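There are 2 protein chains.
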Amino acid sequence: MQHTGATATGPGAPRAIPDATIARLPLYLRALAALAEQGLHTVSSGELADASGVNPAQLRKDLSHLGSYGTRGVGYDVATLRTRIGAQIGSTQQWSVVIVGMGNLGSALASYSGYAARGFRVAALVDASDALIGQQVRLEGNDPDVLTIQGDADLADVVRAAQPAIGIITTPAEAAQGVCDRMVAAGLTSILNFAPTVLQIPEGVVVRAVDLGQELQILAYHQQHAQIPADAVVDTDQATSGNGLPAAAEPATGSREEVLQ
Amino acid sequence: MQHTGATATGPGAPRAIPDATIARLPLYLRALAALAEQGLHTVSSGELADASGVNPAQLRKDLSHLGSYGTRGVGYDVATLRTRIGAQIGSTQQWSVVIVGMGNLGSALASYSGYAARGFRVAALVDASDALIGQQVRLEGNDPDVLTIQGDADLADVVRAAQPAIGIITTPAEAAQGVCDRMVAAGLTSILNFAPTVLQIPEGVVVRAVDLGQELQILAYHQQHAQIPADAVVDTDQATSGNGLPAAAEPATGSREEVLQ
DNA sequence: TCCTGTGAACTGGTTCACAGCA
DNA sequence: TGCTGTGAACCAGTTCACAGGA
Numbered sequence: 001m002q003h004t005g006a007t008a009t010g011p012g013a014p015r016a017i018p019d020a021t022i023a024r025l026p027l028y029l030r031a032l033a034a035l036a037e038q039g040l041h042t043v044s045s046g047e048l049a050d051a052s053g054v055n056p057a058q059l060r061k062d063l064s065h066l067g068s069y070g071t072r073g074v075g076y077d078v079a080t081l082r083t084r085i086g087a088q089i090g091s092t093q094q095w096s097v098v099i100v101g102m103g104n105l106g107s108a109l110a111s112y113s114g115y116a117a118r119g120f121r122v123a124a125l126v127d128a129s130d131a132l133i134g135q136q137v138r139l140e141g142n143d144p145d146v147l148t149i150q151g152d153a154d155l156a157d158v159v160r161a162a163q164p165a166i167g168i169i170t171t172p173a174e175a176a177q178g179v180c181d182r183m184v185a186a187g188l189t190s191i192l193n194f195a196p197t198v199l200q201i202p203e204g205v206v207v208r209a210v211d212l213g214q215e216l217q218i219l220a221y222h223q224q225h226a227q228i229p230a231d232a233v234v235d236t237d238q239a240t241s242g243n244g245l246p247a248a249a250e251p252a253t254g255s256r257e258e259v260l261q
Numbered sequence: 001m002q003h004t005g006a007t008a009t010g011p012g013a014p015r016a017i018p019d020a021t022i023a024r025l026p027l028y029l030r031a032l033a034a035l036a037e038q039g040l041h042t043v044s045s046g047e048l049a050d051a052s053g054v055n056p057a058q059l060r061k062d063l064s065h066l067g068s069y070g071t072r073g074v075g076y077d078v079a080t081l082r083t084r085i086g087a088q089i090g091s092t093q094q095w096s097v098v099i100v101g102m103g104n105l106g107s108a109l110a111s112y113s114g115y116a117a118r119g120f121r122v123a124a125l126v127d128a129s130d131a132l133i134g135q136q137v138r139l140e141g142n143d144p145d146v147l148t149i150q151g152d153a154d155l156a157d158v159v160r161a162a163q164p165a166i167g168i169i170t171t172p173a174e175a176a177q178g179v180c181d182r183m184v185a186a187g188l189t190s191i192l193n194f195a196p197t198v199l200q201i202p203e204g205v206v207v208r209a210v211d212l213g214q215e216l217q218i219l220a221y222h223q224q225h226a227q228i229p230a231d232a233v234v235d236t237d238q239a240t241s242g243n244g245l246p247a248a249a250e251p252a253t254g255s256r257e258e259v260l261q
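Residue numbers (UniProt numbering), protein chains in the order written: chain A, 1 to 261; chain B, 1 to 261.
Rendered as structure tokens:
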């Protein structure tokens, strides 16, 4: 991991939130939104940690990096905490994204309805295929709720015009590096890459990669090495419902694998 | 992160590959496939590390966990290494997956054409909507290249019949926990969750989560805190092309953010 | 009493630097 | 000579455990 020159370790810079913490803030925000929707006004670290899938001590330490917004003996005020985390993460302002590659995945991401709620808007759609260029795409709840797919050749112009904060690459692997280079040249410094390839980028650009195949392979590894020595799966502290399988009905609170990290 | 009772620290168990290493093996495999395609027969740790976006020492240490398959003074044999990593990760056998939730994202994932190449096949598609149940979906290159969407009510039967190794959840957040519970009850122990919610699972089940919103928010954080003090972006060791923007044409080899952890 | 906030211990992971072999 | 393999140093992140405030 490497981020921008942002690690300003200057004398008067309290700006030092660990990367691992930052990756979890969206999780907390999501959990807080759910709690607020339930009408809750206060949460303890234990409750919020549970809802976020982390250890309570972890949660408290993470939040302590943002300042002291809890009340001892009581917990955290849901609304206040949402505001504080939101401010840190930048969800107070709206960020534009441009999506390059309007195949199955690109289209699916374009029509993702959760952008607005999280402070994002799709500003432009780009593809290289003549068959797609010029087509109009309807985006539920997006600011311009209809976007015209623009040509890959115009990518630089599109980026300069739309000034998106983030570029999303959903092209085939072969095209990804070229798209990335041109995004960077046009001034983009944050890229979300769904193409199964490693992007070479200059200093100062942040790339996050999501790869379905990689995720599946990691799960396959665990699957393969989950030796079932007659006690690994069944002999947990979970009740079994007589068919030798864990009961589904129960709350099933348990440990879980960390999210992406 | 938490995986199955697989951490068999028994006396004669050399089975101790760190999780962080496992998460990178698919990356190496991908890079090796690309190198093999280029006709390369041998790679040094430096070259492979470059192609995978990691530090050479990291790569060597990772590979050393699988055994010694390199030749000092020369490097690694591409074919051998592919085989070894493939064997570890389980890509020697084929794994079936079931996808639950055939909205935009589910459909996009279903028609992802990279499954076969990585040793996966889609065994079943499930959705709760009457409008979708019964519809046929064409899957390029999949074993049954046409699948009929099955009803959510039949999920347990579908899982028991298809015996998938991995369940993929692409339902709305509200439905995800229910689907997960029933998957687990039906015997699934590896789940890939795209729904923006934390799944509560019993011991012995491995969940990996991918959340678009979370990724965007992490990037937004970096974007917001990438103070541009007139020297953060431009004043790197990258050449500028006169327009004050980094040149796009150059190789742009540089540091990069780690892939997903 | 019950919770937060945090120093301190610990764990896991990364990088360095070099010994050792082709 | 040029590379791998790996102990040792280092660093980041997690968890513990408790002091201290509402």
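The C-beta atom is built at its ideal place from N, Cα and C for all residues, glycine as well.
Given the structure is predicted, the values throughout are model-derived calculations rather than measurements.
For Ser111 (chain B), which residues of its own chain have a beta-carbon under 7 Å away from its beta-carbon, when the five flanking residues on both sides are left out? Leu139 and Glu140.
Assuming Gln150 (chain A) contacts Gly90 (chain B) (C-beta within less than 8 Å), just tell me the rounded distance between them. Actually they are not in contact, since the Cβ atoms of Gln150 (chain A) and Gly90 (chain B) sit about 42 Å apart, beyond 8 Å.
Interface positions of the stretch 72-97 of chain A facing chain B (Cβ-Cβ less than 9 Å), listed along the chain: Gln88, Ile89, Gly90, Ser91, Gln93, Trp95 and Val97
Give every residue of the same chain whose Cβ lies closer than 8 Å to the Cβ of His41 (chain B), excluding the five residues on either side of it in the sequence, and list them in chain order. These residues qualify, in order along the chain: Asp77, Val78 and Ala79.
Output, in sequence order along the chain, the residues in the stretch 42-68 of chain A whose CB is closer than 7 Å to any CB in chain B. Ala51, Ser52 and Gly53
Chain B contact for Pro26 (chain A) (CB, 8 Å cutoff): yes
Any C-beta of chain B within less than 7 Å: which residues of the stretch 125-159 of chain A qualify? none
On the three-pair Cβ rule with 8 Å, is the stretch 193-208 of chain B touching the stretch 203-210 of chain A? no
Closest by CA to Gln217 (chain B), which one among A:Val97, A:Leu147 and A:Val146? A:Val97
Test: Arg121 (chain A) CB closer than 8 Å to a CB of chain B: no
Give, in chain order, every unbroken run of the beta strand (DSSP E) that is at least 3 residues long and sits entirely within the UniProt domain "CoA-binding" (90-198) of chain B. 95-100, 120-127, 136-138, 146-148, 166-169 and 190-193
Coarse secondary structure for Asp19 (chain A), derived from DSSP in three states: In the structure shown, Asp19 (chain A) sits in a helix (DSSP, three-state: H, G or I).
Cβ of Asn104 (chain A) within 8 Å of Cβ of Val122 (chain A)? no
Hey, which unbroken runs of the beta strand (DSSP E) at 3 residues or more fall wholly within the UniProt DNA-binding region "H-T-H motif" (27-66) of chain A? none
Who are the Cβ neighbours of Ile133 (chain A) in its own chain at under 6 Å, not counting the five residues just before and after it? Ile149 and Gly151
Select from the stretch 163-176 of chain B all residues with a C-beta closer than 7 Å to any C-beta belonging to chain A, and list them in chain order. Ala165 and Ile166
Taking only the alpha-carbon atoms, compute the straight-line gap between Ile54 (chain B) and Gly73 (chain A) and give it to the nearest angstrom. Inspection of the sequence shows that residue 54 (chain B) is occupied by Val rather than by Ile. When rounded, the distance between both Cα atoms is 45 Å.
Residue burial classification, Gln93 (chain B) (beta-carbon count within 10 angstroms, cutoff 16): exposed
Residues in its own chain within less than 7 Å of Val158 (chain A) by CB, not counting five upstream and five downstream? Val98, Ala124, Val126 and Gln150
Give the secondary structure of Val78 (chain A) by DSSP, where H, G and I count as helix, E and B as strand, and everything else as coil. Val78 (chain A) falls in the helix class under three-state DSSP.
Residues that Glu215 (chain A) contacts on chain B, provided the C-beta gap is smaller than 7 Å: Leu192, Arg208 and Val210
For the alpha helix (DSSP H) holding Ala209 (chain A), just list the boundary residues, first then last. Counting along the chain, Ala209 (chain A) falls outside any alpha helix (DSSP H), though it belongs to the beta strand (DSSP E) covering Val206 to Ala209.
Contacts of Leu109 (chain A) in chain B (Cβ-Cβ under 7 Å): Leu212
Length of the line joining the Cα atoms of Val43 (chain B) and Val137 (chain B): 41 Å
Short of 7 Å in beta carbon distance, which residues of its chain neighbour Ala31 (chain B), apart from the five on each side in sequence? Order them along the chain. Leu48, Ala51 and Ser52
At least one CB of chain B closer than 8 Å to the CB of Leu105 (chain A): is that the case? yes
Could you tell me which chain B residues have their CB closer than 8 Å to the CB of Pro196 (chain A), listed as they occur along the chain? Arg30 and Gly114
Just verifying my parser: in three-state terms, what is the DSSP assignment at Gly70 (chain A)? strand
Return the CA-CA distance between Asp211 (chain A) and Leu66 (chain A), expressed in angstroms with no decimal places. 31 Å
Cα separation between Leu147 (chain A) and Gln135 (chain A)? Distance between the alpha carbons of Leu147 (chain A) and Gln135 (chain A) is about 8 Å.
Indicate the three-state DSSP secondary structure (helix, strand or coil) for Ile201 (chain B) in the structure shown. Coil, per DSSP.
If you count every other CB in all the chains shown that lies within 10 Å of the CB of Pro229 (chain A), and 16 or more means buried, which is it? No answer about Pro229 (chain A) holds up, because its pLDDT of 45 lies below 50 and its placement is not dependable.
So, does the CB of Gln224 (chain A) fall closer than 8 Å to a CB anywhere in chain B? Output row for Gln224 (chain A): interface = yes.
Alpha helix (DSSP H) containing Glu220 (chain A): first to last residue? Note on residue identity: the sequence assigns Ala, not Glu, to residue 220 (chain A). Segment Leu212 to His225, the alpha helix (DSSP H) holding Ala220 (chain A).
Cys180 (chain B) to Met102 (chain B) span [Cα, whole Å]: 15 Å
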